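A quick write-up on the structure given underneath.
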Amino acid sequence: MNEHHDLAALIRADTPLLAIDTHDEPEVIAAFQRALTEVLRPLLVWSITTGLRRIDMEAPAKPMSSGEVLDAIAQTQQKSVFLLLDYAPFLRYVVTARQLRELAQRHGCAPHTIVLVGAGLELPKDLEAHAVRFTLKLPGEAELDRIVREEALNYSREHAGKRVQIHSSALKAVVRNLKGLAAADARRIARRIIATDGMITEDDLPAVAKAKFELLNKAGVLSFEYEPISFDDVAGARRLKRWIQQRRAVFMGEPTPVPLDPPKGILLLGVQGTGKSLAAKAVAGGFQVPLLRLDMASVYNKYHGETERNLRESLQNAELMAPCVLWIDEIEKGFAGSDSDGGVSRRVLGYFLTWMAERKAKIFLVATANAIDQLPPELLRKGRFDEIFFVDLPREEVRADLFRIHFQRRNLPLEGFDLAALAAASAGFSGAEIEQAIVSSLYAAHGEGAALDQRHLLEEIAHTRPLSVVMAEKIGALRAWAAERTVPVD
Ligand SMILES: Nc1ncnc2c1ncn2[C@@H]1O[C@H](COP(=O)(O)OP(=O)(O)OP(=O)(O)O)[C@@H](O)[C@H]1O
Ligand SMILES: [Mg+2]
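Quick note: the sequence shown uses numbering that gives the first Met the number 0, first residue 0, plus one each step.
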């Protein structure tokens, strides 16, 4: 960070009033301390609870009200820098606001620099006109690395010299994950992960991602998916699994012999209940990065305010979480649009397409959809997604795998079951329908007071009319469309 040069320049120019919107007070104070090594001036900090304190001399604080501090500034002869913490509420008093404005206009006092520091800092209009807004730069990787190491040292100091075990690759990943946060927040997270076990290891990464997400996503349009899913939980999808595996290293920015463009995103299109949502989650597991879900319904939700702003802020937050997977489930619902919405969905789509084309951050987009007629054609144009995968009903072999996965998920023993026969009997079933058949059979067995056996399952399967039968025509049309334009996922 070299913002202290900028601050030093502002102070040297005798800027009368600065406004810094942040809750990171220690960082502001530290930045001014650094700046004042270049421009020698006294640095004084005031808050309502401690009063006014000259900190470059480590002098004791003098208790002082919000009015008295302005008098004290007016009477100070030596050009100084005054940091007023959380002062904005006092500016509601006409007299106080007026007095501060006069100080800023230098009515008969020394050319001090007064700095207002606070979170969500709002100033009365006429004061705003006199103030220079200054934004603290977010710490870069070197700075974050220093912060984490400092916290490790603090931990040792507090634990009788016990050294913190730091895995260097984990430290790198932690630092990368902390990017986008203010120093104070990064420090707090670092302290927390060290405190749990006195170590910094790969195991800390999910906690860092989660803590960071909670700090960033105040609006709640993005959600963080905690439940890790691995491709082992997904039956079929061989091509997709290979595709992701081949691109992981490039996505994570590891060097390759020939330069390769990092993967940007895929669309999973297909029949209902075939595991598209599940596969989308597994992509994050495959890349080993956090998974964020963008809920288009809440982007449009009137309680969340302006739609376009919601989308813009969500995408910005996702960028701060990079590298990550951004999952948009049922994307057709977000961009289908109707003529009745005043063009909002067109504009949102336009914004989104621009973002897709221009984004620099390592965000891998996974969108799912199960209807093509509602998908805007612009979204399907070549080059938007790296690949459009079609998720069809599972083949026989994959159905056997589905039975196995869902048996295991419920801790059911596999002995005594003929998975091949179950797979053969369930032709035309989706993964969701196979799972449902297992659940219903468990109820049937329970009703008989018996253990689940092959017969329960076969009966349940025989009684089910799968969607592939009920909606044969629709699925046929989807397949025909997909045959020419997409790659089968399995
Ligand atoms: N290939 C699969 N492997 C493992 N489980 C599956 C698979 N397909 C479906 N399932 C089971 O069915 C459930 C529903 O699947 P999922 O929600 O992922 O389907 P989907 O394709 O997203 O459906 P929709 O189009 O209705 O959103 C999953 O939670 C999972 O338990
Ligand atoms: Mg789904």
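Just so you know, even glycine gets a beta-carbon here, dropped at the ideal spot from N, CA and C.
Computed from a prediction, not measured in an experiment: that's the story for all the values here.
Problem set entry | Inter-residue Cα distance where the pair is GLU149 and THR36 | 22 Å
Exercise. Comparing the CB of SER425 with every heavy atom of ligand 1, is any distance shorter than 7 Å?
Worked result: no
Problem set entry | Residue(s) in a DSSP beta bridge with PHE363 | Paired residues: VAL324.
Exercise. Between LEU120 and chain C, is there a C-beta pair that is closer than 8 Å?
Worked result: The question asks about chain C, but that chain is absent: this structure has only one protein chain.
For this session: To the nearest angstrom, report how far apart LEU310 and ARG40 are at their CA atoms.
Result: Looking at the two C-alpha atoms, the distance is approximately 45 Å.
Exercise. Over what stretch of residues does the beta strand (DSSP E) that includes THR195 continue unbroken?
Worked result: Counting along the chain, THR195 falls outside any beta strand (DSSP E), though it belongs to the alpha helix (DSSP H) covering 182 to 196.
For this session: Check whether the Cβ of SER276 sits closer than 7 Å to any heavy atom of ligand 2, and report yes or no.
Result: yes
Problem set entry | Extent of the continuous alpha helix (DSSP H) run through THR353 | 343 to 357
Exercise. Which residue's Cα is closest to the Cα of SER425: LEU413, GLU414, ALA444, LEU401?
Worked result: LEU401
Exercise. Helix, strand or coil: how does DSSP classify MET0 here?
Worked result: Residue confidence for MET0 is low, a pLDDT of 43 falling below 50, so the modelled location carries little weight; the figure read from the coordinates is stated next. Looking at MET0 - three-state DSSP - the assignment turns out to be coil, as it is neither helix nor strand.
Exercise. Taking the Cβ atom as the reference point for each residue, do LEU102 and ALA96 lie within a distance shorter than 8 Å?
Worked result: no
For this session: Take GLY333 and list the residues in its own chain whose beta-carbon comes closer than 6 Å to its own, dropping the five residues that flank it on each side.
Result: MET295
Problem set entry | ILE199 - partner residues in DSSP beta bridges | ILE165
Problem set entry | Cα-Cα separation, ARG478 to PRO138 | 50 Å
Exercise. When you compare each of ALA185, PRO376, VAL173, PRO15 to HIS22 by their alpha carbons, which one comes out closest?
Worked result: ALA185
For this session: Please name the residue in LEU99, ASP231, GLY269, GLU447 whose C-alpha comes closest to that of ALA73.
Result: LEU99
For this session: For GLY117, count neighbouring Cβ atoms within 10 angstroms of its own Cβ and tell me buried if that reaches 16, exposed if not.
Result: With 16 or more Cβ atoms within 10 Å of its Cβ, GLY117 is classed as buried.
Exercise. How is LYS240 classed by DSSP in three states: helix, strand or coil?
Worked result: Of the three classes helix, strand and coil, the one that applies to LYS240 here is helix, per DSSP.
Exercise. For ASP232, which option in GLY430, MET470, ARG11 has the closest C-alpha, if you only look at C-alpha atoms?
Worked result: GLY430
For this session: Please list the segments of the alpha helix (DSSP H) lying wholly inside the stretch 107 to 174, counting only runs of 4 or more residues, in order along the chain.
Result: 124 to 127, 140 to 157
Exercise. Out of ILE47, PRO15, ILE10, which has the shortest C-alpha to C-alpha gap to ALA30?
Worked result: ILE10
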